[in-house]
């Protein structure tokens, strides 16, 4: 029943999107237009949106106070996601107005900045989307599809970026599922576990990747809400099989079991957490350093400090440059714990 409702909702959303596209040539779900740039003031030139990469195209101006407020946030996001995200600030002002402003900001504006070519990019993006105010940000997903249009300080903006980068976001599908997600929350609140589980299962069956967080929520509902670790870990076995090809989910499952403070210590099955961590290494194209770091994390929370230090050390040496600082901090934390434990 829920699946039929979801399909119907998707149909309505697609119809609404088509109507919106007629009114505004560019909308969430549209293919991102090209960038027509006069001058790249800061950062590398972006000739095309590369498949597999996530971009934010933000329209701003030096005279715009709200734009200036968003600059630290955009810089923080660029630092947080590194090479996984490219933020491009596009201004329609003159180069000799933008360049001094950007130079004055220094490392406080640490992302790509460009000046539009005779407002061509503004017309292709802002005008086509019916947007009149700045700052205005467009999130472009790894498939080149626009997943968000709006203010960069919108509370949803950062969350959507994270989900898009992980390949866990489809704006139309998430919007269509909103009533079902609210229904699940209501059912959990009144402890109607049967209804909650049924609706969770239907969402996961519809798209296990987009709704992977629902799968983790179901595990949590069993182990935490219902205090039924037996049922929870029986479900975890299903998840290990269902997501055997998904390194990110296996990472999230291992992390949840090993470190989620909502789970009672006696309800943690560290053997299952380690199996999830080890399964990451069997996924084609997995990140070797991250796989080691997850195993180290499980060992750390299990009190196996010697193994945690050894694995995190190896993870550190295998990590990309962008990961090393975080991995080193984690390694130092594990080493300190090992020293306190006398191992």
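In the working numbering, the protein residues as written are 1013 to 1355. The C-beta atom is built at its ideal place from N, Cα and C for all residues, glycine as well.
Asked, Found
"Coil, strand or helix - residue 1034 by DSSP", "Because residue 1034 carries a pLDDT of 47, less than 50, the predicted location of this residue cannot be relied on, and no value is offered for it."
"Whole-angstrom distance between residue 1300 and residue 1331, CA atom to CA atom", "8 Å"
"Meets three-Cβ-pair contact criterion under 8 Å: the stretch 1334 to 1349 and the stretch 1275 to 1292", "no"
"Separation of residue 1308 from residue 1342, as counted between CA atoms", "10 Å"
"Helix, strand or coil at residue 1250 [DSSP, three-state]", "helix"
"Meets three-Cβ-pair contact criterion under 8 Å: the stretch 1128 to 1147 and the stretch 1173 to 1193", "no"
"Cβ neighbour criterion (16 or more within 10 Å) applied to residue 1321", "buried"
"Beta-carbon gap between residue 1215 and residue 1202 smaller than 7 Å", "no"
"Backbone secondary structure at residue 1288 - three-state DSSP", "helix"
"Sequence-distant residues of the same chain with beta carbon closer than 6 Å to residue 1136, five excluded per side", "1045"
"Beta-carbon proximity check, residue 1269 vs residue 1246, cutoff 7 Å", "no"
"Coil, strand or helix - residue 1042 by DSSP", "coil"
"Nearest residue (CA-CA) to residue 1352, options 1316, 1098, 1329 and 1324", "1316"
"Beta-carbon proximity check, residue 1177 vs residue 1096, cutoff 7 Å", "yes"
"Where the beta strand (DSSP E) containing residue 1143 begins and where it ends", "Where residue 1143 is concerned, there is no enclosing beta strand (DSSP E), given that its DSSP letter is neither H nor E."
"Residue 1070 - containing beta strand (DSSP E), residue span", "1066 to 1071"
"Endpoints, the beta strand (DSSP E) within which residue 1103 is located", "1097 to 1103"
"Where residue 1061 falls: helix, strand or coil (DSSP)", "coil"
"Helix, strand or coil at residue 1235 according to DSSP, with G and I counted as helix", "helix"
"Burial state of residue 1119 (16 or more Cβ within 10 Å)", "exposed"
"Rounded Cβ spacing between residue 1310 and residue 1266 (contact assumed at less than 8 Å)", "6 Å"
"Distance cut-off 6 Å: residue 1090 Cβ against heavy atoms of the ligand GDP", "Ligands in the displayed structure: none, and consequently the ligand GDP is not present."
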